[in-house]
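2 protein chains.
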Amino acid sequence: MASIKDVAAAAGVSVATVSRVLNAHPSVSADARARVLAAVESLGYRPNAVARSLRTDQTHTLGLVISDVLNPYFTELARSVEEEARALGYSVIIGNADERPDLQDHHVRNLLDRRIDGLLVSPTDGGSPLMLDAARAGTPMVFVDRWIPGVDVPVVRADGRAAVQDLVAHLHALGHRRVAIIAGPAATTTGSERVEAFRAALAAYGLPLPDVYIGQGDFQAASGRRVTEGFLDLPEPPDAVFAADNLMALGALDAVRARGLRVPDDIALAAFDDIPWFVHTDPPVTAIAQPTGELGRAAVRALVDRIEGRPAASVTLAARLVVRRSCGEAPETARIIPTPSLPPVQRSTT
Amino acid sequence: MASIKDVAAAAGVSVATVSRVLNAHPSVSADARARVLAAVESLGYRPNAVARSLRTDQTHTLGLVISDVLNPYFTELARSVEEEARALGYSVIIGNADERPDLQDHHVRNLLDRRIDGLLVSPTDGGSPLMLDAARAGTPMVFVDRWIPGVDVPVVRADGRAAVQDLVAHLHALGHRRVAIIAGPAATTTGSERVEAFRAALAAYGLPLPDVYIGQGDFQAASGRRVTEGFLDLPEPPDAVFAADNLMALGALDAVRARGLRVPDDIALAAFDDIPWFVHTDPPVTAIAQPTGELGRAAVRALVDRIEGRPAASVTLAARLVVRRSCGEAPETARIIPTPSLPPVQRSTT
DNA sequence: GTGACGCTTGGAATCGATTACATCGAGACG
DNA sequence: CGTCTCGATGTAATCGATTCCAAGCGTCAC
């Protein structure tokens with residue numbers, strides 16, 4: 001592969017001049033510029049990003065560590081992150097943690113070793129020492145979707161409380177009284193928050209959320225299935241189940257179907273995180289939709305702000321309920337319930 | 001961030017010795033090794049991968065350029081690629097081409113600039129000059145799923161011909177005679193091959209595949225919808241539609257549903273590429289399943305072979321038909337039809 | 001006792017860029 | 001006409017590692 005020296009030799013100038021041409025430095029004569037450009041062209045020269053990074057201490061690369069690539073929510077997030085990053089001149093290296101803290105740390109370490117300019121994380125657990133150290137050491141960092149409390153890192157996420165209230169209102173209106181939740185890991189903020197929001201919304205209707213109706217899942221399909229089977233084995237099974245993410249909802253659907261039961265006639269089902277497939281399932285699944293694309297873009301903008309020395313802002317967007325048929329035939333005419341109680345965008349500087 | 005010099009100073013040795021300890025070079029005294037390790041520990045030193053790459057001309061990184069991250073098939077492929085790569089000591093940088101040749105080239109250029117050790121591509125089009133140059137220039141490269149004919153690069157893919165024959169047999173047995181296909185872009189091998197396999201299989205039953213029954217899609221959901229609408233507008237619409245990928249099948253399902261029609265009663269539907277969601281759609285979709293995970297792993301092994309100087313082998317695995325309910329109630333008892341005509345694995349050295 | 005050998009170790013070159021500093025020449029101005 | 005300024009250019013240091021080469025030193029055999 002041709003190096004800058006080869007170009008310099010071919011153009012009859014020094015490497016400094018070649019570098020100046022390549023970096024659009026003003027003081028280069030038109031003649032020298034033309035000769036360099038010609039040499040670059042004829043040699044098919046491309047600057048070595050590795051060498052450049054070593055010298056400038058910038059890789060123009062963002063690291064993104066997500067909890068689970070197979071989850072369409074995170075796939076869409078990854079896609080929007082890459083898009084916005086590309087628009088701002090950055091590349092993205094994605095690490096898939098598969099909901100495993102050890103894998104998460106592996107990827108964080110790897111990305112740090114590669115001297116990425118900044119890190120976007122949706123933490124799998126509550127506090128990897130590695131990540132805390134990195135944050136303290138000043139690595140530009142932004143949490144997306146999930147976060148770690150007590151760390152001074154901007155958070156970009158969706159607030160689902162209003163939408164959960166709408167969901168509970170919807171379930172209540174359809175006559176469901178024994179409602180259960182398939183929760184995510186308590187170590188994740190989304191895991192615990194969704195349970196709390198659900199419990200609070202139920203309380204407003206005087207409905208309890210007994211412990212046997214809180215199933216412990218791990219955001220993966222298998223756990224949704226397992227928990228749902230547990231619910232169905234109960235002497236008094238719930239008449240509605242809320243899955244804290246889409247994969248666990250899929251597992252729940254599996255479990256219900258395996259028993260020869262039907263949604264929503266035998267049991268209602270709703271999910272956090274809406275995905276295109278929910279329109280086509282049997283029945284279409286009522287879900288809480290996050291503004292995923294906007295979340296990804298906002299997270300990148302915040303991170304790049306931080307990297308380039310501007311103040312980075314935390315961002316909270318609103319999620320909304322999308323009613324379909326999995327909780328019963330809806331009496332409402334509106335299929336999407338807006339959540340006027342929460343402003344569409346809240347910004348706070350961190 | 002601490003550098004090797006800091007470690008050397010702290011341990012009272014030269015940088016050469018530190019480097020030897022870090023790289024497990026044999027001739028280092030136990031005493032020196034202990035002091036270096038202690039210094040590494042207390043400084044929290046981590047070698048700078050950028051500097052190391054510059055010097056050794058190896059990044060231990062693989063590039064993966066896929067056609068569309070939102071397609072669950074490619075997501076699963078990406079996941080298995082990353083897994084196998086990690087097991088072999090490599091990281092993966094994923095580029096999403098979104099079925100756009102310009103984006104594909106952007107990512108290839110970017111990855112080449114970063115001096116990745118090897119490139120895994122599922123080409124969006126038939127022949128980007130950039131990719132041809134890279135292949136000729138000796139960049140270790142492997143095509144996965146799709147390939148570019150006439151380039152001397154190993155190909156790892158699934159052969160779907162036998163499964164397509166099984167699908168046609170299935171459709172024929174259920175009485176479907178006017179069968180149509182939503183094809184992928186002719187510029188991709190998978191796009192054209194699937195049409196040819198389908199046409200050939202139909203011919204064996206004396207069934208035609210008229211041009212009006214070949215809809216031109218682009219592997220994205222919207223095109224599946226558009227093409228299906230066109231089919232339904234025909235004076236004599238098909239009674240079965242085969243979508244050449246899962247996203248277009250989703251679009252087709254949309255279109256059928258939007259007309260108030262039902263699958264399979266009004267029109268049968270089958271797809272290439274099976275995904276977990278197809279079990280839960282209304283109705284469950286009959287699909288041709290590729291051994292996606294094995295494909296990804298085999299591709300990485302082939303690429304790493306090439307990188308590390310061993311001969312790389314092309315690999316062809318068999319796809320299989322998974323019968324569900326979207327083509328009509330199946331008379332067979334077996335839900336998975338094995339394809340005994342094709343051996344499970346074919347290997348050929350390239 | 002001494003030369004050879006082998007194990008450790010350090011010095012310094014190197015990878016391919018960027019960039020501070022020095023130099024050179026030409027034009028401007030008094 | 002001398003000097004000052006400024007634009008264009010080159011030299012060389014530098015980023016953080018790896019690795020070749022030479023040197024130091026202890027041990028062993030003769």
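Protein chains in written order, with the UniProt record's numbering: chain A, 1 to 350; chain B, 1 to 350.
Heads up, the beta-carbon is just placed ideally off N, CA and C, and yes, glycines get one too.
Please tell me whether residue i has its Cβ less than 7 Å away from any Cβ of chain B.
i	result
residue 246 of chain A	no
residue 25 of chain A	no
residue 288 of chain A	no
residue 147 of chain A	no
residue 335 of chain A	Confidence at residue 335 of chain A is low in this model, with a pLDDT of 49, below 50, so its placement is unreliable and the value that follows should be read with caution. No, residue 335 of chain A lies away from the interface with chain B (no Cβ there is under 7 Å from its Cβ).
Taking the alpha-carbon positions, what's the residue i to residue j distance?
i	j	result
residue 325 of chain A	residue 284 of chain A	6 Å
residue 177 of chain B	residue 102 of chain B	40 Å
residue 332 of chain B	residue 56 of chain B	Here residue 332 of chain B scores only 47 on pLDDT, less than 50, and its place in the model should not be relied on; the value that follows carries that caveat. C-alpha separation (whole angstroms): 59 Å.
residue 46 of chain B	residue 131 of chain A	15 Å
residue 91 of chain B	residue 233 of chain B	49 Å
residue 144 of chain A	residue 61 of chain B	26 Å
residue 328 of chain A	residue 201 of chain B	44 Å
residue 235 of chain B	residue 172 of chain B	22 Å
residue 372 of chain A	residue 323 of chain B	Any answer about residue 372 of chain A is impossible in this case: the structure gives chain A only from 1 up to 350.
residue 312 of chain A	residue 120 of chain A	13 Å
residue 73 of chain A	residue 4 of chain A	43 Å
residue 138 of chain A	residue 148 of chain B	45 Å
residue 135 of chain B	residue 151 of chain A	47 Å
residue 21 of chain A	residue 36 of chain A	7 Å
residue 282 of chain A	residue 208 of chain B	34 Å
residue 203 of chain B	residue 261 of chain A	42 Å
residue 100 of chain A	residue 114 of chain A	21 Å
residue 351 of chain A	residue 153 of chain B	The structure shown does not extend to residue 351 of chain A, since chain A is modelled only from 1 through 350, so no value can be given for it.
residue 250 of chain A	residue 275 of chain A	11 Å
residue 210 of chain B	residue 228 of chain A	48 Å
Report yes if the C-beta distance between residue i and residue j is below 7 Å; otherwise report no.
i	j	result
residue 124 of chain B	residue 104 of chain B	yes
residue 221 of chain B	residue 240 of chain B	no
residue 297 of chain A	residue 84 of chain A	yes
residue 288 of chain A	residue 318 of chain A	no
residue 69 of chain B	residue 95 of chain B	no
residue 182 of chain A	residue 217 of chain A	yes
residue 126 of chain B	residue 187 of chain B	yes
residue 175 of chain A	residue 111 of chain A	no
residue 256 of chain A	residue 88 of chain A	no
residue 169 of chain B	residue 213 of chain B	no
residue 43 of chain B	residue 2 of chain B	yes
residue 293 of chain A	residue 14 of chain A	no
residue 155 of chain A	residue 19 of chain A	no
residue 10 of chain A	residue 39 of chain A	yes
Can you confirm whether residue i, when its beta carbon is compared against all beta carbons of chain A, has any partner nearer than 7 Å?
i	result
residue 53 of chain B	yes
residue 192 of chain B	no
residue 297 of chain B	no
residue 228 of chain B	no
residue 281 of chain B	yes
Assuming residue i and residue j form a contact by the criterion Cβ under 8 Å, report the distance between their Cβ atoms to the nearest whole angstrom.
i	j	result
residue 93 of chain A	residue 93 of chain B	5 Å
residue 224 of chain B	residue 243 of chain B	6 Å
residue 184 of chain B	residue 194 of chain B	7 Å
residue 370 of chain A	residue 316 of chain A	Residue 370 of chain A cannot be examined here, being either before or after the span of chain A that is shown, 1 to 350.
residue 77 of chain B	residue 280 of chain A	In fact, because the Cβ distance is near 22 Å, the residues do not count as touching under 8 Å.
residue 67 of chain A	residue 219 of chain A	7 Å
residue 246 of chain B	residue 23 of chain B	The pair is not a contact, with the Cβ atoms about 46 Å apart (cut-off 8 Å).
residue 146 of chain A	residue 189 of chain A	5 Å
residue 270 of chain B	residue 167 of chain B	6 Å
residue 321 of chain A	residue 163 of chain A	5 Å
- Taking a cut of 8 Å between CB atoms, which residues from the stretch 55 to 84 of chain B lie near chain A? Here the close residues are 59, 69, 70, 72, 75, 76, 78, 79, 82.
- Contact residues within the stretch 107 to 118 of chain A, judged by C-beta distance below 8 Å to chain B: Those residues of the stretch 107 to 118 of chain A that come within reach of chain B (Cβ to Cβ, closer than 8 Å) are 109, 110, 112, 113, 114, 115.
- Query: Any residues in the stretch 88 to 101 of chain A with a beta carbon nearer than 7 Å to a beta carbon of chain B? Which ones, in chain order?
  - Reply: Flagged, chain order: 91, 93, 94, 96.
- Message: For the stretch 247 to 275 of chain B, list every residue whose C-beta sits within 7 Å of some C-beta in chain A, in sequence order.
- Response: Cβ contacts with chain A: 250, 253.
- Item | Near-chain A residues of the stretch 171 to 198 of chain B (beta-carbon distance less than 7 Å), N- to C-terminal order | Residues of the stretch 171 to 198 of chain B whose Cβ lies closer than 7 Å to any Cβ of chain A: none.
- Using a Cβ-Cβ cut-off of less than 8 Å, list which residues of the UniProt domain "HTH lacI-type" (2 to 56) of chain B approach chain A; keep chain order. Look at the UniProt domain "HTH lacI-type" (2 to 56) of chain B: the residues with a C-beta under 8 Å from a C-beta of chain A are 44, 46, 47, 48, 49, 50, 51, 53, 54.
- Message: Can you pull out the residues from the stretch 126 to 154 of chain A whose beta carbon lies closer than 9 Å to at least one beta carbon of chain B?
- Response: Listed by position along the chain: 133, 137.
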